[in-house]
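Engineer: Residue numbers (UniProt numbering), protein chains in the order written: chain A, 1 to 191; chain B, 1 to 191; chain C, 1 to 191; chain D, 1 to 191.
If you scroll down you'll find the structure; I have some questions about it.
Number of protein chains: 4
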Amino acid sequence: MSTSVNKRENILQSALAFFAERGFDATTIPMIANDAKVGAGTIYRYFENKEVLVNTLFQHYVELFTNTLVEEYPSDHSLRDQFHHLFQGMVRFTNEHEHALYFIKTHNAAYFLDETSRKQFEKLLAILRNFLDQGREEEKIRDLPSTALIAIIFGGFLELHKLIRAGEIEASEELLEGVEESCWDAVRTHK
Amino acid sequence: MSTSVNKRENILQSALAFFAERGFDATTIPMIANDAKVGAGTIYRYFENKEVLVNTLFQHYVELFTNTLVEEYPSDHSLRDQFHHLFQGMVRFTNEHEHALYFIKTHNAAYFLDETSRKQFEKLLAILRNFLDQGREEEKIRDLPSTALIAIIFGGFLELHKLIRAGEIEASEELLEGVEESCWDAVRTHK
Amino acid sequence: MSTSVNKRENILQSALAFFAERGFDATTIPMIANDAKVGAGTIYRYFENKEVLVNTLFQHYVELFTNTLVEEYPSDHSLRDQFHHLFQGMVRFTNEHEHALYFIKTHNAAYFLDETSRKQFEKLLAILRNFLDQGREEEKIRDLPSTALIAIIFGGFLELHKLIRAGEIEASEELLEGVEESCWDAVRTHK
Amino acid sequence: MSTSVNKRENILQSALAFFAERGFDATTIPMIANDAKVGAGTIYRYFENKEVLVNTLFQHYVELFTNTLVEEYPSDHSLRDQFHHLFQGMVRFTNEHEHALYFIKTHNAAYFLDETSRKQFEKLLAILRNFLDQGREEEKIRDLPSTALIAIIFGGFLELHKLIRAGEIEASEELLEGVEESCWDAVRTHK
DNA sequence: GATGAATGAGCGTTCATTCAT
DNA sequence: TATGAATGAACGCTCATTCAT
Chain A
1 MSTSVNKREN
11 ILQSALAFFA
21 ERGFDATTIP
31 MIANDAKVGA
41 GTIYRYFENK
51 EVLVNTLFQH
61 YVELFTNTLV
71 EEYPSDHSLR
81 DQFHHLFQGM
91 VRFTNEHEHA
101 LYFIKTHNAA
111 YFLDETSRKQ
121 FEKLLAILRN
131 FLDQGREEEK
141 IRDLPSTALI
151 AIIFGGFLEL
161 HKLIRAGEIE
171 ASEELLEGVE
181 ESCWDAVRTH
191 K
Chain B
1 MSTSVNKREN
11 ILQSALAFFA
21 ERGFDATTIP
31 MIANDAKVGA
41 GTIYRYFENK
51 EVLVNTLFQH
61 YVELFTNTLV
71 EEYPSDHSLR
81 DQFHHLFQGM
91 VRFTNEHEHA
101 LYFIKTHNAA
111 YFLDETSRKQ
121 FEKLLAILRN
131 FLDQGREEEK
141 IRDLPSTALI
151 AIIFGGFLEL
161 HKLIRAGEIE
171 ASEELLEGVE
181 ESCWDAVRTH
191 K
Chain C
1 MSTSVNKREN
11 ILQSALAFFA
21 ERGFDATTIP
31 MIANDAKVGA
41 GTIYRYFENK
51 EVLVNTLFQH
61 YVELFTNTLV
71 EEYPSDHSLR
81 DQFHHLFQGM
91 VRFTNEHEHA
101 LYFIKTHNAA
111 YFLDETSRKQ
121 FEKLLAILRN
131 FLDQGREEEK
141 IRDLPSTALI
151 AIIFGGFLEL
161 HKLIRAGEIE
171 ASEELLEGVE
181 ESCWDAVRTH
191 K
Chain D
1 MSTSVNKREN
11 ILQSALAFFA
21 ERGFDATTIP
31 MIANDAKVGA
41 GTIYRYFENK
51 EVLVNTLFQH
61 YVELFTNTLV
71 EEYPSDHSLR
81 DQFHHLFQGM
91 VRFTNEHEHA
101 LYFIKTHNAA
111 YFLDETSRKQ
121 FEKLLAILRN
131 FLDQGREEEK
141 IRDLPSTALI
151 AIIFGGFLEL
161 HKLIRAGEIE
171 ASEELLEGVE
181 ESCWDAVRTH
191 K
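Below, the structure written as structure tokens:
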């Protein structure tokens, strides 16, 4: 039981790391099994097949990320504060789950995602969209489709994250503040 | 004669579309052959193997994109004009080559790229880096690593492009102007 | 456990028979798998690839044959007795391993043999060469290159063996004694 | 016409060299076509397929060799002289057709030979068998199956020939005389 | 429940053969 | 007649998945 939970968790962690680093298609079940220190067959006791595994992983982390963004959401603070909360959520989530956001980003349009995964991802987008739509009504956010703005924030942050992961730049406090400011300037109106 | 050119071109176009949509590893030679309406073996008359095919494609489009950015570059105009030139280059290139930029973005760090491909891609980055470094000296561009800013522009634009390709938003003149402005605001200093 | 050993052994036996009968290039993995009653993939659990399989087989039987020739070698008997020992070794080895010597003969110069295989085969030749060189010093063996004499014995015996395997002649005690005498007369001096 | 004859001849010569050096299965049609300086398709104007080509070649050279042995056969000379004639025939044939005898030897039991080829080869053996049977009646040839004796001569001579081809020993007059004597001693009775 | 040996579908690739030119 | 571009069957090999232990 406790063993089982651990095994399942080990499998998920190993799979996450490989999917993020090499992608779903370049990752083999033996690789995951080996890294998770379980038999290859054991993976199939916890996950029907490789696609179920990747969807489970995707849904889990999208939900976790969604919760991170939603928790203690400062609805009654300024729009800038709300943006800060969201951006900090990204940062914190990435710190806590090294591979998760990059995995989500590189696999969110993949051919093997099922309905549930796509819907889960939609829910995440909805939160960001709500924020932006509200801001646009107040004329504090640009009159561009929310999806486009999300793309800029998400895309920017995650390409940055990729560089940090690759060791090409260092994730200092200053850098992150600068990037947050940059993203905010990308999104807000400059009357 | 003309047939051969067409076959080679068909293979390249089919491969580009699949690589962009599913990635290199998830794309099989039979998929490409079928889509290009040639026999599987025919692909090997034009390309030594799958890796040569993907490198050929990568180098071709990185070079084409680089040329697009470099052509008629307004060196003596304002930084904003230069940015416009670069952004318009992206837009034009993407209009002319639907899958190319997305393919470049999703494969530029792939394990199967050869030296030439990597160097070719470095040349492209150098152009963008030069632009940003120059602007930073003039204190018109934020004091963030160029790679990070490139990530924001590239990432933002391409996530947007992905949405356009997916048909979720429409690529109107206004939208693109708005996104350009948004990217510019992400990158420039706001005294 | 015992199953695994058997599978490996079955694969080796099937491969040996095909390699001897049709040659390495004309033998396909599916042929071997089918004959050994294993899945094609199973072969790769035991042998890294087809070349490793053929080299394993080659080395195994060359060593076995070498040992057969060396065991209880009558160094202090007459040259004729030594020849008898070697010839009997060939006969016995061929009786115990139907296809092995023919396989060795037809593949000993093949392009796919690795260093170890070549060295192993050299060791076998060295034994025969030593015997002949010693005899030539005593002027009991013809003054022809040892390699040439080995070729005559080996070639003669194995062409004979081929006929026996093909069922065209029967391997009686008398026949073998006659052939031994014939080979000995081919090799020795007739003062 | 003359061109055609040449093309056909070129194809046969190139095929012979490759078959002798690498074997039938390791030889590709493009290899032959390239070496013969004809298009790959051209080969199929002269030979229905690869197997017909190899059978044509086999039959041609077996017949040629047979004729070499039969020509000017000294029926009324001594057995030893007849043997000399046969052995000289082998030598001469090998000098005139570098790859032919080795090709015949390495392919005479191949799975792809047709009925005609096998019969042709049988005819060649019959000549040698006749010689031996006659000698045995006179009690000048050992009482061993003719096929076995042929195997010794053929096997010995051709293993020797292989060494010469490989450059491991030189084909001097003396060597050949010595080998002939050796073969003769292998075959004759030593009352 | 956990394992990993075994499987075979399907991959990338080669090459005998065909056929439009 | 001669060609070589094109084909697809079949190769060697990998790996998701199964199942006896």
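Even glycine gets a Cβ: it sits at the ideal position worked out from N, Cα and C.
Report yes or no: is there a C-beta of chain B within less than 8 Å of the C-beta of Ala20(A)?
Structural biologist: Not one chain B Cβ lies under 8 Å of Ala20(A).
Engineer: Got a sec, what are the start and stop residues for the alpha helix (DSSP H) Phe58(A) sits in?
Structural biologist: Lys50 to Val70
Engineer: Whole angstroms is fine: what's the gap from Asp143(A)'s alpha carbon to His77(A)'s?
Structural biologist: Cα to Cα, the separation comes out at about 22 Å.
Engineer: For a quick check, are the C-beta atoms of Val179(D) and Ala148(C) less than 8 Å apart?
Structural biologist: yes
Engineer: If you draw a straight line from the alpha carbon of Val62(D) to that of Arg118(D), how long is it in whole angstroms?
Structural biologist: If I take the Cα positions, the gap works out to 10 Å.
Engineer: Quick check on DSSP: helix, strand or coil for Arg129(C)?
Structural biologist: helix
Engineer: Have a look at Leu124(D) and His60(C) and give me their C-alpha separation to the nearest angstrom.
Structural biologist: 37 Å
Engineer: Near His99(B), what residues of its chain come up, given a Cβ to Cβ distance below 6 Å and the 5 sequence neighbours on each side ignored?
Structural biologist: Leu16, Ala17 and Ala20
Engineer: Determine, using beta carbons only, whether Arg142(C) comes closer than 8 Å to chain D.
Structural biologist: Against chain D, the CB of Arg142(C) has a partner CB under 8 Å away; the residue lies at that interface.
Engineer: What is the rounded straight-line gap between the Cα of Ile32(B) and the Cα of Ala110(D)?
Structural biologist: 40 Å
Engineer: Less than 8 Å separating the beta-carbons of Ile127(A) and Phe58(A)?
Structural biologist: no
Engineer: Would you please verify whether the beta carbon of Thr147(D) is less than 8 Å from any beta carbon of chain C?
Structural biologist: yes
Engineer: Helix, strand or coil for Arg80(B), going by three-state DSSP, please let me know.
Structural biologist: If DSSP states are grouped into helix, strand and coil, Arg80(B) belongs with the helices.
Engineer: Ile43(C) by DSSP, collapsed to three states: which one?
Structural biologist: Secondary structure at Ile43(C): helix, using DSSP grouped into helix, strand and coil.
Engineer: If you measure beta-carbon to beta-carbon, which residues of the region 111-139 of chain D are closer than 7 Å to chain C?
Structural biologist: Tyr111
Engineer: Taking Cβ to Cβ, would you say Tyr102(C) is nearer than 8 Å to Leu12(C)?
Structural biologist: No, these two residues do not count as a Cβ contact at 8 Å.
Engineer: Using 8 Å for Cβ pairs, my map puts Thr189(A) next to Glu122(A). What's the rounded Cβ distance?
Structural biologist: Rounded to whole angstroms, the Cβ separation of Thr189(A) and Glu122(A) is 26 Å, and the two are not in contact under 8 Å.
Engineer: Any C-beta of chain C sitting closer than 8 Å to the C-beta of Met1(D)?
Structural biologist: Note that Met1(D) scores 47 on pLDDT, short of 50, meaning its location in the model is unreliable and no value can be drawn from it.
Engineer: I think Phe93(A) touches Thr68(A), with their Cβ atoms under 8 Å apart; what is that distance to the nearest whole Å?
Structural biologist: The pair is a contact, with the Cβ atoms about 5 Å apart (cut-off 8 Å).
Engineer: Are Gly155(D) and Gly23(C) closer than 8 Å when you measure CB to CB?
Structural biologist: In this structure, Gly23(C) does not lie closer than 8 Å to Gly155(D) by Cβ.
Engineer: For a test of the three-state rule: what should DSSP assign to Arg188(A), helix, strand or coil?
Structural biologist: strand
Engineer: Does the distance from the CB of Arg80(B) to the CB of Trp184(B) come in under 8 Å?
Structural biologist: Arg80(B) is a Cβ neighbour of Trp184(B), given a cutoff of 8 Å.
Engineer: Anything in chain D within Cβ reach of Phe154(C), meaning under 8 Å, just list it in chain order.
Structural biologist: Gly155 and Glu159
Engineer: Where DSSP assigns a beta bridge to Ile141(D), which residues make up the other side?
Structural biologist: Arg188(D)
Engineer: Determine, using beta carbons only, whether Ile150(D) and Arg136(D) come nearer to each other than 8 Å.
Structural biologist: no
Engineer: Going along the chain, which residues of its own chain have a beta-carbon closer than 7 Å to the beta-carbon of Thr66(C), five neighbours each way excluded?
Structural biologist: The residues are Lys123, Leu124 and Ile127.
Engineer: For Ser172(D), count the other beta carbons within 10 Å of its own beta carbon; 16 or more makes it buried, fewer makes it exposed. Which is it?
Structural biologist: exposed
Engineer: Please report how far the alpha carbon of Ser182(C) lies from the alpha carbon of Glu9(D), in whole angstroms.
Structural biologist: 41 Å
Engineer: Give the residues of chain C in contact with Ser182(D), contact being defined as C-beta atoms less than 8 Å apart.
Structural biologist: Going along chain C in sequence order, the residues near Ser182(D) (Cβ under 8 Å) are Arg142, Leu144, Leu149, Ile152, Ala186 and Val187.
Engineer: Would Ile169(C) and Leu163(C) qualify as a contact pair, given that the criterion is a beta-carbon distance under 8 Å?
Structural biologist: yes
Engineer: Can you give me the start and stop residues for the alpha helix (DSSP H) that Gly156(B) sits inside?
Structural biologist: Ser146 to Arg165
Engineer: Just the Cα atoms here: how many angstroms apart are His161(D) and Ala36(B)?
Structural biologist: 53 Å
Engineer: So Leu86(C) packs on Phe131(C), CB below 8 Å; how close in whole Å?
Structural biologist: 7 Å
Engineer: Output needed in chain order: residues of the UniProt domain "HTH tetR-type" (5-65) of chain B with a Cβ under 7 Å from some Cβ in chain A.
Structural biologist: Arg22, Gly23, Asp25 and Ala26
Engineer: Residues of chain B with a CB under 8 Å from the CB of Gly89(A): which are they?
Structural biologist: Chain B residues near Gly89(A): none, gap ~18 Å exceeds 8 Å.
Engineer: My output table needs one value for residue 192(C): the three-state DSSP class, helix, strand or coil.
Structural biologist: Nothing in the structure corresponds to residue 192(C), since chain C is present only between 1 and 191.
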